[in-house]
Amino acid sequence: MKPGCSRLLFICLSAIWALATADVPAGQRPGCPAKCGDVAIPFPFGIGKHCALHNGFNLNCTSINGTMKPFKWNIEVTKISIPSSKVWMTTRMSWQCYFPATRTTNYSDSWLSFTNSPFSISEVDNKIIVIGCNAVAYMRSSTYVIGCYSTCTNVTLENGKCSGAGCCQADVPKGIQYYRGYFNENYNTTQIWQANPCNYMALMDKAAFSFNTSYVKSKVFYETYKGGVPLVANWVIRPWTCKAAKKNMSTYACLSSHSACVDSTTNDPGYHCKCSNGYKGNPYITAGCQDIDECREKSNPCGPGICKNTQGKYSCSCHPGNYMANGVCVPIPKSPHFPAVPVIGASVGLVIIVIVIAFACFIQERRKLQNMKQNYFRQHGGLILFEEMKSKQGLTFKIFSEEELQQATNKFSEQQVLGHGGHGTVYKGLFNRNVEVAVKRCMTINEQHKKEFGKEMLILSQINHKNIVKLLGCCLEVEVPMLVYEFVPNGTLFHLIHGNHGRRIPLATRLGIAHESADALSYLHSSTSTPILHGDVKSSNILLDGDYKAKVSDFGASILAPTDESQFVTLVQGTCGYLDPEYMQTCQLTDKSDVYSFGVVLLELLTGKKPFSLDASDQEKSLSMMFMSAVKENKLQEILDDGIKQDNMEVLEEIAELAKQCLEMCGTNRPSMKEVAEKLDRLRKVMQHPWVQLQQDPEENESLLGQRSAMVNSTVVSAEYFSIEKEAVTSLGSGR
Ligand SMILES: *[C@@H]1O[C@H](CO)[C@@H](O)[C@H](O)[C@H]1NC(C)=O
Ligand SMILES: *[C@@H]1O[C@H](CO)[C@@H](O)[C@H](O)[C@H]1NC(C)=O
Ligand SMILES: *[C@@H]1O[C@H](CO)[C@@H](O)[C@H](O)[C@H]1NC(C)=O
Ligand SMILES: *[C@@H]1O[C@H](CO)[C@@H](O)[C@H](O)[C@H]1NC(C)=O
Ligand SMILES: *[C@@H]1O[C@H](CO)[C@@H](O)[C@H](O)[C@H]1NC(C)=O
Ligand SMILES: *[C@@H]1O[C@H](CO)[C@@H](O)[C@H](O)[C@H]1NC(C)=O
Ligand SMILES: *[C@@H]1O[C@H](CO)[C@@H](O)[C@H](O)[C@H]1NC(C)=O
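Reading the sequence shown from the start, the letters are residues -22 to -1, 1 to 714 in mature numbering (1 follows the signal peptide of the UniProt record, and there is no 0).
#1: Is it buried or exposed for F605, if we count other Cβ within 10 angstroms and need 16 for buried?
#2: Between S237 and P261, is the Cβ-Cβ spacing less than 8 Å?
#3: Confirm the yes/no value for this check: CB of S237, any heavy atom of ligand 6, distance under 7 Å.
#4: Taking 6 Å as the limit between beta carbons, can you name the residues of its chain near A180, skipping five residues before and five after?
#5: Please report how far the alpha carbon of N132 lies from the alpha carbon of F92, in whole angstroms.
#6: Which one or two residues does DSSP pair with S600 in a beta bridge?
#7: Counting along the chain, where does the beta strand (DSSP E) carrying A238 start and finish?
#8: Could you give the DSSP three-state label for F465: helix, strand or coil?
#9: Would you check if there are 3 or more beta carbon pairs closer than 8 Å linking the stretch 137 to 144 to the stretch 245 to 252?
#10: From the DSSP output, in three-state form, read off L618 for me.
#11: Decide if M67 is buried, meaning its Cβ has at least 16 other Cβ atoms within 10 Å, or exposed.
#12: Let me check you understand the geometry: is the CB of N166 closer than 7 Å to at least one non-hydrogen atom of ligand 5?
#13: Whose CB is closer than 6 Å to a heavy atom of ligand 7? List the residues in chain order.
#14: What are the boundary residues of the alpha helix (DSSP H) that includes C640?
#15: Suppose you measure from the CA of I284 to the CA of G256; what does that come to, to the nearest Å?
#16: Leaving aside the five residues before and after Q673 along the sequence, list all residues of the same chain whose C-beta is less than 6 Å from its C-beta, in chain order.
#17: Does the beta carbon of F161 fall short of 7 Å from some heavy atom of ligand 3?
#18: Can you name the start and end residues of the beta strand (DSSP E) that Y262 belongs to?
#19: Closest to Q147 by CA distance: which of A173, N104 and Q615 is it?
#20: Please determine whether the Cβ atom of S196 lies at a distance below 7 Å from any heavy atom of ligand 6.
#21: If you draw a straight line from the C-alpha of P11 to the C-alpha of P279, how long is it?
#22: To test your reading of the DSSP string, which unbroken beta strand (DSSP E) runs of 3 or more residues are found completely within the stretch 123 to 177?
#23: Taking the alpha-carbon positions, what's the G400 to S95 distance?
#24: Is it right to say F77 is buried, meaning 16 or more other beta carbons lie within 10 angstroms of its own, or is it exposed?
#25: Go ahead and pull the three-state DSSP assignment for F77.
#26: Would you check if the stretch 484 to 502 and the stretch 624 to 632 touch, i.e. whether three or more CB-CB distances between them fall below 8 Å?
#27: With a cut-off of 5 Å, give the chain-ordered residues whose Cβ is closer than this to any heavy atom of ligand 6.
#28: Under 8 Å, with one C-beta from each stretch per pair, do the stretch 515 to 528 and the stretch 462 to 471 reach the 3-pair mark?
#29: Thinking just about the alpha-carbon of each residue, which of L90, C126 and T646 is nearest to the one in Y157?
#30: Find out if the Cβ-Cβ distance for the pair T168, T56 is shorter than 8 Å.
#31: Decide if S192 is buried, meaning its Cβ has at least 16 other Cβ atoms within 10 Å, or exposed.
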């Protein structure tokens, strides 16, 4: 039965394949060059202003040592694809080398900015690759810091393997248009320069990279790629969605008949065009989409039958002695059972056989799917989780099936998207027509953490605090597990503060939110059975419910202090403006890193300013730096938010003082989250009942001064899974 099955499928698939991979001729505006050197330049790209759709697609064709090459700005373009809306470019890599002659470590940081252009960095095709024997390199864009650690000490380097030994890699956030690659200076080649003088970092096409152990030696990696690496960028026609673009036909780019418009999947509106099924060519020029002559494709889609091409389609008719099955002619088998039966009889028999085959295929496929689901379930520790759940009665945690979540989110429809992030998407879901939830669907999971996933879920599910978003369950039977959270209706604190809605937020509300968030973090740090560090405290991780009560989210994005460096293979995540400077130096996340980030949230509440602004002058880029210098110069009044300037100055000064303590450079000098929460609670009471004394008890003063950072004593389990906009690590108690 199997051969018949695969043959039918094969014929069907090869027809689809032929359609999908049909060569696409480049199309240009009249009088415009079709090529620059070896690179085809299809419209909307063009060389010269009137040859491109607009200036964003304009390329230069320049002679480099006698060969013509296309350039966008100073970046070489090596290939342009219309059907996939991608473009391949060559960009510089970053390096860090020790030069024994001058006894210096020199750096070259590469950067790329696609801001205000049609391009964005493809998160599907590219990876951040770091090569080196003692290297920590980061990629930084306006909202992310992502990087990894590569070493050659006590590890075996392997060709083709890039997971911390001589080479490490990390995923690229979705839809970014800007990045800068740079190295942590505390990891360098000063000690090992004789064998391995250089570290490299590249944001590059993962298909064009395979680790070779010789890359860590001298300058092999650099020379292999001649200093440049291939990068895949997506391009779209901005700034409208399909619906909006169609309103003005004079600027609508899908010019060809038989073409369709497809919305971009990133956050910024934009679209691209494609030829309808059965047509190929360039949808951006008039009559660019041409009928595909299916009958002339390499394999006749009718099998041995007669093929007739029509517009957008084709039709088949069969020679005598052949029979039409699923649109393909197949010979009628000469069976002894039907020696003289008329053709009709044979056809009926064949139809029955085909139905039986199809049914068997269907059953087999279903069984395969079922097995796959069970495998994923096991891989993610679902069995352990099940056992534990049985023994712990009264747990409200639920394991969802893939179907349930598909139903709840309307098959993960675009309309249900609540937000996109670096590693996946959050959807709004509805169970039983009335229970609202938020479903997180991530793009990838780190191999190391797969097995522990079920156990981690159990720990997170036991966190129960009114100011923490509740984890309701998860779905393990898919390749990358999905998480189901309680739905919080009123958006994020970030949106409340920076959302431009024109509402005045009273000081009491701000103080309430601050106190509740601090209380939640303090609970994570100290009250739970296994202390959990949040790891990515920021205003967009504080959600608000109907009464502006704070709910801290992504507590799963929690790192427990790594106990040794090897665990920190793919790590350093966090958000610019909130990252603890000490963490950047030591790569050790402590409870005091959360305190620092919380200090930044306090500043946002006080000043109404964003924590990090790329556009501002250097001085004002970082809110914490701006605040510190304002405090030093006694100009606190000047940076306070207009909405609260007139409020209780005494309370404002106390909050500012608290923020200042949280932002201390040295973690040990910062107060603990518990102290912060207590202080905010007291200030809140002062606001409500001004007669309460605004005074610290001496005991607290003492602990603030003599505070030593209590390092949380547990092991890290999982990094990088939970976060959507951030990365994560949670813990399990076992020693490692
Ligand atoms: C051009 O050729 C010269 C000499 O062969 C070489 O030094 C230079 O690096 C080349 N430039 C580029 C951009 O390839
Ligand atoms: C083309 O080259 C010129 C001169 O080098 C430069 O000013 C311009 O920005 C380039 N244009 C594009 C589209 O790369
Ligand atoms: C490295 O940097 C130092 C100081 O900036 C400079 O003097 C030296 O020439 C550089 N060396 C190389 C090989 O680039
Ligand atoms: C490497 O292994 C050796 C011997 O097992 C040990 O003494 C050394 O501390 C290890 N080095 C590191 C950096 O872990
Ligand atoms: C290299 O790393 C060591 C150890 O972290 C550090 O002490 C030294 O200052 C670094 N050297 C440079 C040039 O950054
Ligand atoms: C690794 O690089 C060396 C020299 O650079 C080359 O000879 C070897 O074939 C490469 N190995 C693989 C697996 O690519
Ligand atoms: C359509 O776009 C053109 C070019 O930008 C503009 O001049 C025109 O006013 C637009 N028409 C409408 C109806 O918006």
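All C-beta atoms, glycine included, are put in the ideal place defined by N, C-alpha and C.
Predicted model, so just to flag it, every value in this text is computed and none were measured.
Based on what the coordinates show:
#1: Taking the first residue of the sequence shown as position 1, residue 605 is located at position 627. F605 comes out buried.
#2: Here the question's residue 237 lines up with position 259 in the sequence shown. Here the question's residue 261 lines up with position 283 in the sequence shown. Yes, they are a contact pair.
#3: Your numbering for residue 237 matches position 259 in the sequence shown. S237: no, Cβ never under 7 Å from ligand 6.
#4: For the purposes of this step, residue 180 is taken as the residue at position 202 of the sequence shown. Around A180: M71, I107 and V207.
#5: Counting from 1 along the sequence shown, the entry for residue 132 is found at position 154. Counting from 1 along the sequence shown, the entry for residue 92 is found at position 114. Just so you know, the alpha carbons of N132 and F92 end up roughly 40 Å apart.
#6: If you number the sequence shown from 1, residue 600 lands on position 622. The beta-bridge partner set that DSSP reports for S600 consists of F590.
#7: Taking the sequence shown and counting its residues from 1, the one referred to as residue 238 is at position 260. Counting along the chain, the beta strand (DSSP E) containing A238 begins and ends at S237 to D241.
#8: As a working mapping, residue 465 is identified with position 487 in the sequence shown. Residue state, collapsed to three classes: coil.
#9: Look at the beta carbons and you see the stretch 137 to 144 not touching the stretch 245 to 252: under three pairs across the two are nearer than 8 Å.
#10: One-based indexing of the sequence shown puts residue 618 at position 640. Per DSSP, reduced to three states, the secondary structure at L618 is coil, with no helix or strand assignment.
#11: As a first step, residue 67 is located in the sequence shown; it is residue number 89 there, counting from the start. M67 counts as buried, since at least 16 other C-beta atoms from the protein chains shown sit within 10 angstroms of its C-beta.
#12: If you number the sequence shown from 1, residue 166 lands on position 188. Yes, since a heavy atom of ligand 5 falls inside the 7 Å radius drawn around the Cβ of N166.
#13: If you measure from each CB to the nearest heavy atom of ligand 7, the residues under 6 Å come out as N226, S228 and T229.
#14: Sequence index remark: in the sequence shown, residue 640 carries index 662 (1-based). It spans M627 to C640 - the alpha helix (DSSP H) in which C640 sits, taken as one unbroken run.
#15: Translated into positions along the sequence shown, residue 284 becomes position 306. Translated into positions along the sequence shown, residue 256 becomes position 278. Each residue's alpha carbon lies about 18 Å from the other.
#16: Against the sequence shown, residue 673 aligns to sequence position 695. The pLDDT assigned to Q673 is 44, lower than 50, so where the model puts this residue is not dependable, and the model offers no usable value.
#17: Here residue 161 is taken as the residue at index 183 of the sequence shown, counted from 1. No, the Cβ of F161 stays beyond 7 Å of every heavy atom of ligand 3.
#18: Position 284 of the sequence shown, counting from 1, holds the residue named residue 262. Per DSSP, Y262 lies in no beta strand (DSSP E) and is assigned neither H nor E.
#19: The residue you call residue 147 lines up with position 169 of the sequence shown. The shortest C-alpha separation from Q147 is found at N104.
#20: Your numbering for residue 196 matches position 218 in the sequence shown. With a cutoff of 7 Å, S196 does not count as near ligand 6, since its C-beta is closer than that to no heavy atom of the ligand.
#21: On the sequence shown, position 33 is the one that residue 11 refers to. On the sequence shown, position 301 is the one that residue 279 refers to. Looking at the two C-alpha atoms, the distance is approximately 36 Å.
#22: If only uninterrupted beta strand (DSSP E) runs of at least 3 residues are considered, those enclosed by the stretch 123 to 177 are 123 to 129, 145 to 149 and 156 to 161.
#23: The residue given as residue 400 occupies position 422 in the sequence shown. The residue given as residue 95 occupies position 117 in the sequence shown. Note on G400: pLDDT 45, under 50, position unreliable in the model; the coordinate value appears next. About 20 Å.
#24: Reading the sequence shown from its first residue, position 99 is the one you call residue 77. So F77 ends up on the exposed side.
#25: Position 99 of the sequence shown holds residue 77. DSSP places F77 in strand when its eight states are reduced to three.
#26: Taking a cut-off of 8 Å for Cβ pairs, the stretch 624 to 632 and the stretch 484 to 502 touch, as three or more such pairs fall below it.
#27: Going along the chain, the residues that qualify are N137, N190 and S192.
#28: Note that the stretch 515 to 528 touches the stretch 462 to 471; at least 3 beta-carbon pairs, one per stretch, sit closer than 8 Å.
#29: Taking the sequence shown and counting its residues from 1, one reaches residue 157 at position 179. Out of L90, C126 and T646, L90 has the C-alpha closest to the C-alpha of Y157.
#30: The sequence position of residue 168 within the sequence shown is 190, counting from 1. The sequence position of residue 56 within the sequence shown is 78, counting from 1. The criterion of a C-beta distance shorter than 8 Å is not satisfied by T168 and T56.
#31: Working through the sequence shown from its first residue, we reach residue 192 at position 214. With fewer than 16 other Cβ atoms within 10 Å, it is exposed.
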